[in-house]
Amino acid sequence: MGISNTQYRDIMFEYDQTRMKNQRLLDARYQELYEKLPELKEIHEKIVELSIQQAKTEVLNPEKAKRNMDGYAAQKDALLQRKAEILQDNGYSADYLSPIYTCADCKDTGYRNGKPCHCFMQAKLQILYDNSNMGEVLERENFDTFCEEYYDDTVVHKNLSITPRENIRRIKEICLKFIRHFDEVYDNLLFYGNTGVGKTFLTHCIAKELLDRSHTVLYLTSQQLFAILEKNKFQKDNPYTVNEQAAYILNSELLIIDDLGTELSNSFTISQLYHIIEERHINKRSTIISTNLSFAELRERYSERVFSRFTGYYDFKQIVGNDIRIKKAVKKQNI
Numbered sequence: 007m008g009i010s011n012t013q014y015r016d017i018m019f020e021y022d023q024t025r026m027k028n029q030r031l032l033d034a035r036y037q038e039l040y041e042k043l044p045e046l047k048e049i050h051e052k053i054v055e056l057s058i059q060q061a062k063t064e065v066l067n068p069e070k071a072k073r074n075m076d077g078y079a080a081q082k083d084a085l086l087q088r089k090a091e092i093l094q095d096n097g098y099s100a101d102y103l104s105p106i107y108t109c110a111d112c113k114d115t116g117y118r119n120g121k122p123c124h125c126f127m128q129a130k131l132q133i134l135y136d137n138s139n140m141g142e143v144l145e146r147e148n149f150d151t152f153c154e155e156y157y158d159d160t161v162v163h164k165n166l167s168i169t170p171r172e173n174i175r176r177i178k179e180i181c182l183k184f185i186r187h188f189d190e191v192y193d194n195l196l197f198y199g200n201t202g203v204g205k206t207f208l209t210h211c212i213a214k215e216l217l218d219r220s221h222t223v224l225y226l227t228s229q230q231l232f233a234i235l236e237k238n239k240f241q242k243d244n245p246y247t248v249n250e251q252a253a254y255i256l257n258s259e260l261l262i263i264d265d266l267g268t269e270l271s272n273s274f275t276i277s278q279l280y281h282i283i284e285e286r287h288i289n290k291r292s293t294i295i296s297t298n299l300s301f302a303e304l305r306e307r308y309s310e311r312v313f314s315r316f317t318g319y320y321d322f323k324q325i326v327g328n329d330i331r332i333k334k335a336v337k338k339q340n341i
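Numbered per our numbering, the sequence shown spans residues 7 to 341.
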């Protein structure tokens, strides 16, 4: 999916603004130095006249232009050399009056050799991050900072028949596989378990990896999600923004719904959740859900109709362990 047409236009508009800003800066340099060093203006006019003359000759008499090419190049090089000498003699760099580019690789066009420049890809990535609703949290919570040491490796969990640490290792591998095959395989994940066991952290890890691969990712808590959908249905203030947000919920390549079950449950939220799950499934848009609710609580809260979609479309993964936030707080105090 990548960025939308509107987002692409926004990026290209910024390139237009950058080029105009740099051209104004260059024009100011020319104006200043032409007044201060008149010979520079004379050289510029000679180069322009020489280039026009050569261009006319190429049109009217190509053979003559070809014979004159060496002489034309020598005269132009001599003028440019003199220009550089004047600049350096007066304390300026030789390229002080050369075109100014914020990105010299693409010359502030966004493209190099017909392909997006690295600066364009960075601008695109920034938009994806801005729209993900996660911001700087991904700098702190990602696979590089993932630590399995917070999970016990001494006691086997009675339901899983493995330790919490072995369980989180397996889930991490599932997450990495989800990322590796994201472009080829449609899949959904549902993380459930007690508060503080790392469910949200894992969604952040996945989000960062996919964002860095230029996928569209939207993170919302369940309360944020249903607040947007409620505005979209019932409020008329700023409908364009609200409608755009609602469309992004359905169309982003990955939607993360965090803390499902913390929202106020009613017929509206249940019907909207069903609609999102069904629409995204039809369009093969992946979703990750995290919740503190158990199987029984999910069924009771969201009805059999919604629960059947969970079990049919999602890969359930239980995360077990003690509250990591408490462990981190204790560790910080002991340092």
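Cβ coordinates follow ideal geometry from the N, Cα and C atoms, glycine included.
Distance CB(residue i)-CB(residue j) smaller than 9 Å
{"i": "Leu224", "j": "Ile295", "result": "no"}
{"i": "Ser228", "j": "Ile263", "result": "yes"}
{"i": "Asn165", "j": "Val326", "result": "yes"}
{"i": "Leu260", "j": "Thr206", "result": "no"}
{"i": "Thr222", "j": "Ser258", "result": "yes"}
{"i": "Ser309", "j": "Ile276", "result": "yes"}
{"i": "Tyr157", "j": "Gly204", "result": "yes"}
{"i": "Ile106", "j": "Leu32", "result": "yes"}
{"i": "Phe149", "j": "Cys211", "result": "yes"}
{"i": "Asp136", "j": "Cys125", "result": "no"}
{"i": "Ile180", "j": "Lys323", "result": "yes"}
{"i": "Leu134", "j": "Ile9", "result": "yes"}
{"i": "Ala71", "j": "Gln60", "result": "yes"}
{"i": "Asn238", "j": "Ala252", "result": "yes"}
{"i": "Leu279", "j": "Ala213", "result": "no"}
{"i": "Glu155", "j": "Arg176", "result": "no"}
Straight-line Cα distance separating residue j from residue i
{"i": "Ala302", "j": "Leu216", "result": "32 Å"}
{"i": "Cys284", "j": "Thr115", "result": "The sequence shown places Glu at residue 284, rather than the Cys named in the question. Going by the C-alpha atoms only, they are around 41 Å apart."}
{"i": "Ala34", "j": "Glu41", "result": "11 Å"}
{"i": "Leu131", "j": "His287", "result": "26 Å"}
{"i": "Arg305", "j": "Thr317", "result": "10 Å"}
{"i": "Gln37", "j": "Cys153", "result": "59 Å"}
{"i": "Arg307", "j": "Leu266", "result": "11 Å"}
{"i": "Asp83", "j": "Asn74", "result": "14 Å"}
{"i": "Gln128", "j": "Leu208", "result": "24 Å"}
{"i": "Tyr21", "j": "Glu147", "result": "32 Å"}
{"i": "Ala347", "j": "Gln23", "result": "Residue 347 lies beyond the range of the chain shown here (7 to 341); nothing can be said about it."}
{"i": "Leu43", "j": "Ser220", "result": "49 Å"}
{"i": "Ile282", "j": "Arg315", "result": "11 Å"}
{"i": "Arg25", "j": "Asn328", "result": "55 Å"}
{"i": "Tyr246", "j": "Asn11", "result": "Because the pLDDT at Tyr246 is just 44, under 50, the model does not fix this residue reliably, and the point stays unresolved."}
{"i": "Cys123", "j": "Lys113", "result": "10 Å"}
{"i": "Asn119", "j": "Ser167", "result": "56 Å"}
{"i": "Ser300", "j": "Glu250", "result": "33 Å"}
{"i": "Glu142", "j": "Arg30", "result": "34 Å"}
{"i": "Val65", "j": "Met140", "result": "59 Å"}
{"i": "Gly62", "j": "Glu48", "result": "According to the sequence shown, residue 62 is Lys rather than Gly. For Lys62 and Glu48, the distance between alpha carbons rounds to 21 Å."}
{"i": "Asn173", "j": "Glu236", "result": "38 Å"}
{"i": "Leu270", "j": "Lys121", "result": "48 Å"}
{"i": "Pro68", "j": "His187", "result": "57 Å"}
{"i": "Ser138", "j": "His163", "result": "35 Å"}
{"i": "Gly77", "j": "Leu46", "result": "22 Å"}
{"i": "Asp218", "j": "Phe274", "result": "35 Å"}
Three-state class that DSSP yields for residue i in the structure shown
{"i": "Thr169", "result": "coil"}
{"i": "Arg219", "result": "coil"}
{"i": "Tyr198", "result": "strand"}
{"i": "Lys113", "result": "coil"}
{"i": "Tyr98", "result": "coil"}
{"i": "Ile3", "result": "With the chain represented from 7 up to 341, any question about residue 3 goes unanswered, as that position is not in the structure."}
{"i": "Lys121", "result": "strand"}
{"i": "Pro245", "result": "With a pLDDT of only 46 at Pro245, under 50, the local geometry of the prediction cannot be trusted, and no value is derived from it."}
{"i": "Phe152", "result": "coil"}
{"i": "Asp159", "result": "coil"}
{"i": "Lys164", "result": "coil"}
{"i": "Thr268", "result": "coil"}
{"i": "Ile9", "result": "coil"}
{"i": "Leu85", "result": "helix"}
{"i": "Thr343", "result": "The chain is shown only over 7 to 341; residue 343 falls outside these bounds and no answer can be derived."}
{"i": "Tyr225", "result": "strand"}
{"i": "Arg25", "result": "helix"}
{"i": "Ile17", "result": "helix"}
{"i": "Ile262", "result": "strand"}
{"i": "Phe322", "result": "strand"}
Minimum C-alpha distance to residue i - residue among the options
{"i": "Tyr14", "options": "Tyr117, Val54, Ile174 and Asp33", "result": "Tyr117"}
{"i": "Leu231", "options": "Thr222, His221, Ser220 and Leu256", "result": "Leu256"}
{"i": "Asn194", "options": "Arg219, Lys334, Tyr156 and Lys183", "result": "Lys183"}
{"i": "Thr169", "options": "Arg176, Arg175 and Val161", "result": "Val161"}
{"i": "Tyr102", "options": "Leu270, Asn139 and Asn28", "result": "Asn28"}
{"i": "Arg291", "options": "Arg25, Asp189 and Asp83", "result": "Asp189"}
{"i": "Gln87", "options": "Pro122, Lys113 and His50", "result": "His50"}
{"i": "Lys333", "options": "Leu226, Gly202, Asp218 and Tyr319", "result": "Gly202"}
{"i": "Thr268", "options": "Leu226, Tyr254 and Glu250", "result": "Leu226"}
{"i": "Asp321", "options": "Tyr192, Phe274 and Asp218", "result": "Tyr192"}
Cβ-heavy atom distance, residue i to the ligand MN, below 8 Å
{"i": "Arg331", "result": "With respect to the ligand MN, the structure shown offers nothing to examine, as it has no ligands at all."}
Contact between the region 52-60 and the region 94-104 is defined here as three or more beta-carbon pairs at a separation below 8 Å; is this criterion met? no
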